[in-house]
Amino acid sequence: MKITTQALLAMCLLLAAGFARATAPETPKLSLAYIPISNFLTAYVAKDQGYFTAHGLDVTLIPINQGNTGVAGIVSKSVELSTPTPTTFLQAVDNGVDLVIVAATHTYPTPNKVGLLVSTTGDITAAKDLVGKKVGINGIGGMQFVLLQEWLIKHGVNPKSITFVEISFPQMADALQAKQVDAVTISEPFYQRVISSKIGRMLADLQADIPAGTLGTMYVSTGEWAKKNPGTIAALRASLEDATRFIKTNPETAKKSLITYAQMSEQLLQLVNVPSVTVAAAPSQMKFWIDLMDQQQLTTGTIDPQSIIAP
């Protein structure tokens, strides 16, 4: 049977329309709760450069102070996506919360700092000097908290000998300067604010022993939402992949998104590096965190890394 050019064209248009319907976002309007740090540069760039819109998504970025707040938000369905640290994520999963990773943000090693900073006017020079002192952290059970505990244990200090005080990242510089705490664990860009203002100095690089390829923070949803929204997840990942390519080829332009979403000044922007951005997440990249949480008895069961990543 002879097929005319017009008929062939019509068939192609029908197939294309069917494909578009099959892959279109089921939930085009999304809210993403994020901590205003440089880790989530892919989302900032995807928003600013129009990649979310290009893939049929209308994404609202909502700043929060702690990963736990974002987890509570997606569980209550006030937001669809959030950005917890691996440790916050794993504790929630261990407690029976239905969460999955829909995309990665970055992997280690990363040029951006996560450090234990002490006052430049104090006399703390070693782990043992922290005994009996107060350390500001962004959240009990958060990534910095777990990494700090690991560092203390390696240096012969019982973490229980230290008082941990929850302080949001933006308030840490003032708390350290006012001697409300003796040290803080802090991420970019707030790390650079403390260092550049000479309020604090580094006592420990808390990322030094993280194996190469390990996942940093991630974009997370509930498992139920992920199952109902494969097209939305595909569009999200495609948007973040576009942003990743843009960041790698235009790093200085990409960094400017940190001014809006991480409340960073132009001056501070020059001191911050672009993170090692990525989108794909593999189960093996969570092994370090799963093992560390188990060693510190912060999780009670065995977490299957295959089960915590959305298809």
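According to mature numbering (1 follows the signal peptide of the UniProt record, and there is no 0), the stretch in the sequence shown is residues -22 to -1, 1 to 289, in order. For each residue, glycine too, the CB sits at the ideal point set by N, CA and C.
Apart from the 5 residues on each side of it in sequence, Thr256 sits with its Cβ closer than 8 Å to the Cβ of Ala82, Thr83, His84, Thr85, Thr222 in its chain, given in chain order. Asp152 sits in a helix when the DSSP states are folded into three classes. Listed as beta-bridge partners of Arg179 by DSSP are Val96. Residue pairing from DSSP places Met196 in a beta bridge opposite Ala82.
Excluding five sequence positions before and after Met242, the CB atoms of its chain that fall closer than 6 Å to its own CB belong to Pro167, Leu236, given in chain order.
Cβ neighbours of Gln170 within its own chain (closer than 8 Å, five residues either side excluded): Lys91, Leu246, Leu249, Val250. In this structure the segment 42 to 62 touches the segment 9 to 21; the number of beta carbon pairs closer than 8 Å is three or more. For the options Thr210, Gly134, Leu193, the alpha carbon positioned closest to that of Met121 is the one of Leu193. Note that the C-beta distance between Gly201 and Val159 is not below 8 Å.
Note on geometry: alpha-carbon atoms of Ile52 and Ser60 lie some 7 Å from one another. The beta carbon of Tyr239 lies closer than 7 Å to those of Pro14, Tyr22, Leu39 in the same chain, with the five residues before and after it left out. The segment 119 to 135 makes contact with the segment 62 to 76: 3 or more CB pairs, one atom from each, lie closer than 8 Å. Within a 10 Å sphere around the beta-carbon of Val71 sit 16 or more other beta-carbons, which makes this residue buried. Relative to His133, the option among Val109, Gln155, Thr141 whose CA is nearest is Val109.
Taking C-beta atoms under 8 Å as the contact rule, Leu8 and Val37 qualify, at a distance of about 5 Å. Asp183 is classed as exposed because its beta carbon has fewer than 16 other beta carbons within 10 Å across all chains shown.
The beta carbons of Ser165 and Phe142 sit no closer together than 8 Å. Distance from Val78 to Ser199 at the Cβ level is roughly 6 Å; contact confirmed, criterion being Cβ atoms closer than 8 Å.
Contact between Val96 and Ala204 does not hold, since their C-beta atoms are separated by about 42 Å, which reaches or exceeds 8 Å. Burial state of Asn73 is exposed, judged by a 10 Å Cβ sphere holding fewer than 16 other Cβ atoms. Non-local C-beta neighbours of Pro283 in its own chain, meaning closer than 6 Å and more than five positions away in sequence, comprise Pro261, Met264, ordered along the chain.
Cβ atoms of Leu154 and Ile177 come within 8 Å of each other, at about 6 Å. Around the Cβ of Gln275, a 10 Å sphere holds fewer than 16 other Cβ atoms; the residue is exposed. Taking each of Thr227, Tyr29, Ala190 in turn and checking the Cα distance to Val252, the smallest one comes out for Thr227. As DSSP reads the structure, Leu218 sits in no beta bridge. Relative to the Cα of Asp76, the nearest Cα in the group Lys55, Gly93, Thr103, Thr88 belongs to Lys55. Rounded to whole angstroms, Gln149 and Gly93 show a C-alpha spacing of 16 Å.
Burial state of Glu58 is buried, judged by a 10 Å Cβ sphere holding 16 or more other Cβ atoms. Leu39 is bridged by DSSP to Leu10.
The Cβ atoms of Thr88 and Ser254 lie closer than 8 Å to each other. Annotated three-state conformation of Glu166 is coil, per DSSP.
Inclusion of Ile211 and Ala288 in the CB contact set at 8 Å is warranted, their separation being smaller than that value.
Between Pro3 and Gly209, the C-beta gap is smaller than 8 Å, which places the two residues in contact.
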